[in-house]
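If you count the sequence shown from 1, you need to add 8 to reach the numbering used here.
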Amino acid sequence: MGVNNRPRVFVTRLIPEAGLRIILDHCEAEVWEAPLPPPREVLLEKVAGCDGILSLLTEQVNAELMDAAGAQLKVISNFAVGFNNIDVDEATRRRIRVGNTPGVLTEATADMAFALLISASRRIVEAQEYVRGGHWKTWEPLGHIGQDLVGKTLGIVGMGRIGHALARRCHGGWGMRILYVDKFRNQVAEEECHAQQVEWDTLLSESDFVSVHVDLNPETQGMFDRDAFAKMKSTAVFVNSARGPIHRQQDLYEALVGGEIFAAGLDVTDPEPVDFKDPLVQLPNCVIAPHIASGTVSSRNGMAEIAADNLLAGIQQQPLRCWVNPM
Ligand code: GLV
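Here it is, written out as structure tokens:
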């Protein structure tokens, strides 16, 4: 506890006012206001004595950080739906609650996946660079030819909330056939979008577009490797708006250069940020955004509110609104 017995918290970056206000009203909060994350040694100092930490996906929340915080740490509230940056088992062992922010970013993320899919398929970014570079001299019957979308097959890897939201868009709007792989069956998606659960190899070989919506864990890490890209159509477009390490970036680069697949749209890279001199960044058939899928007003406000609620509930040792490790 801090002064006036208000709980002490460290907020690792400025978040939208919708959540920050709630935190400042109830806690003795220190907020890291710099645009870049706190350096590790500073973070370890800042969390000392805190009852709660509001973290971002840029912070590695592991035993070292929990030790640095001390035994009074009750909650880690991640400002993200993904929580691969947190050692959840370690937190659970210490009875530290972990929260995340699902739901509010589903539609924005599905929109981003679709934006990447259509940008990469229709070569929008490459075309923009062509215009900006002063190369547009005439209408070209053979120029900038991309891939059609209507009636094609979309393979969704991970038919959870976001995968399902993308399936809805593509089935309803573009009449696509939807295939998916998942550990679980999603009967609602099957009914709404006529989605078909298939084997991994079938999804790779039959899909015109493959979009990733699984979380990053030891099973999904590197699942898109040389072998996977080799099984895809040479006209296929690969989209990853989940986590960078799900694809092997060198293998993706080689697949794009070698014509194993047509194009890729990435909102996530490995590492993040990707070096702007990385050859992948320079490829005309790879569209890369800087991990902005949840970047809409309502999504980020919703994430801030949930993260603040999770933080306060955890400090009071109550159930969290979005609780990763219920105990
Ligand atoms: C963003 O990537 C998130 O997990 O919310």
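For glycine and all other residues, C-beta sits at the position ideal for the given N, C-alpha and C.
Element boundaries [alpha helix (DSSP H), containing Val305]: 305-323
Beta-bridge pairing of Leu187 - partner residues as DSSP gives them: Beta-bridge pairing links Leu187 to Gly163, Gln204.
By DSSP, does Val112 sit in helix, in strand, or in coil? coil
Span separating the alpha-carbon of Asn13 from that of Ala321: 16 Å
Given Gln204 as reference, the closest of Gly171, Ala297, Ala123, Gly27 once Cα atoms are compared: Of Gly171, Ala297, Ala123, Gly27, the smallest CA-CA separation from Gln204 is found for Gly171.
Where does Leu22 sit, in a helix, a strand or coil, going by DSSP? coil
Can you tell me which of Arg101, Met240, Ala297 puts its alpha carbon nearest to the alpha carbon of Asp283? Among Arg101, Met240, Ala297, the Cα nearest to that of Asp283 is on Ala297.
Is any heavy atom of ligand 1 found at a distance shorter than 8 Å from the C-beta of Gly90? yes
Where does Ala337 fall in DSSP's three states? Past the edges of the chain, shown from 9 to 335, lies residue 337, and the structure says nothing about it.
Taking buried to mean at least 16 other C-beta atoms within 10 Å of its own C-beta, is Gly252 buried or exposed? buried
Cβ of Met311 within 8 Å of any heavy atom in ligand 1? yes
Could you compute how far the alpha carbon of Val158 sits from the alpha carbon of Leu260? 25 Å
Could you tell me whether any non-hydrogen atom of ligand 1 is closer than 8 Å to the CB of Leu65? yes
Could you name the residues of the same chain whose beta carbon sits closer than 8 Å to that of Val96, not counting the 5 residues immediately before and after it, in chain order? Within the same chain, Val96 has close Cβ partners Val106, Val332, Asn333.
Can you tell me whether Asn225 is buried or exposed? The criterion is at least 16 other CB atoms within 10 Å of its CB, across all chains shown. exposed
Leaving out five residues before and five after Pro327 in sequence, what residues of the same chain have Cβ atoms less than 8 Å from its Cβ? Ala321, Pro334
Same chain, Cβ closer than 6 Å to Glu313, neighbours up to 5 away in sequence not counted: Ala26, Gly27
Would the C-beta of Ser302 count as close to ligand 1, meaning under 8 Å from any of its heavy atoms? yes
Using only the alpha-carbon positions, how far apart do Phe232 and Ala88 sit? 23 Å
Applying the 10 Å Cβ sphere with the 16-neighbour rule, what's the burial state of Arg193? exposed
Quick check: the Cα distance between Ser213 and Ser242, rounded to an integer number of angstroms? Spanning the two alpha carbons is a distance of roughly 10 Å.
On a Cα-Cα basis, can you pick out the residue from Gly154, His202, Asp190 that is closest to Thr177? A small fix is needed here, since residue 177 is Arg in this sequence, not Thr. Looking at the Cα atoms, His202 is the closest of the given residues.
How many angstroms separate the CA atom of Ile4 from the CA atom of Val19? Outside the shown range of the chain (9 to 335) lies residue 4, about which nothing can therefore be said.
Start-to-end residues for the beta strand (DSSP E) that takes in Val83: Note, Val83: beta strand (DSSP E), 83-86.
Quick check on DSSP: helix, strand or coil for Phe237? helix
From this set, Gln257, Asp223, Ser249, Val222, which residue's C-alpha is nearest Phe237's C-alpha? Gln257
Any heavy atom of ligand 1 within a distance shorter than 8 Å of the CB on Arg251? At least one heavy atom of ligand 1 is nearer than 8 Å to the Cβ of Arg251, so yes.
Tell me the start and end of each unbroken beta strand (DSSP E) in the segment 252-302 that is at least 3 residues and wholly inside, in chain order. 271-274, 294-296
Hey, could you find the ends of the alpha helix (DSSP H) Arg169 is sitting in? 169-182
Heavy atom of ligand 1 less than 8 Å from the Cβ of Glu332, yes or no? Correcting the residue identity first, residue 332 is Val in this sequence and not Glu. No, the Cβ of Val332 stays beyond 8 Å of every heavy atom of ligand 1.
Quick test of the definition: if touching needs 3 or more C-beta pairs under 8 Å, does the segment 60-77 touch the segment 33-52? yes
Span of the alpha helix (DSSP H) around Arg101: 96-101
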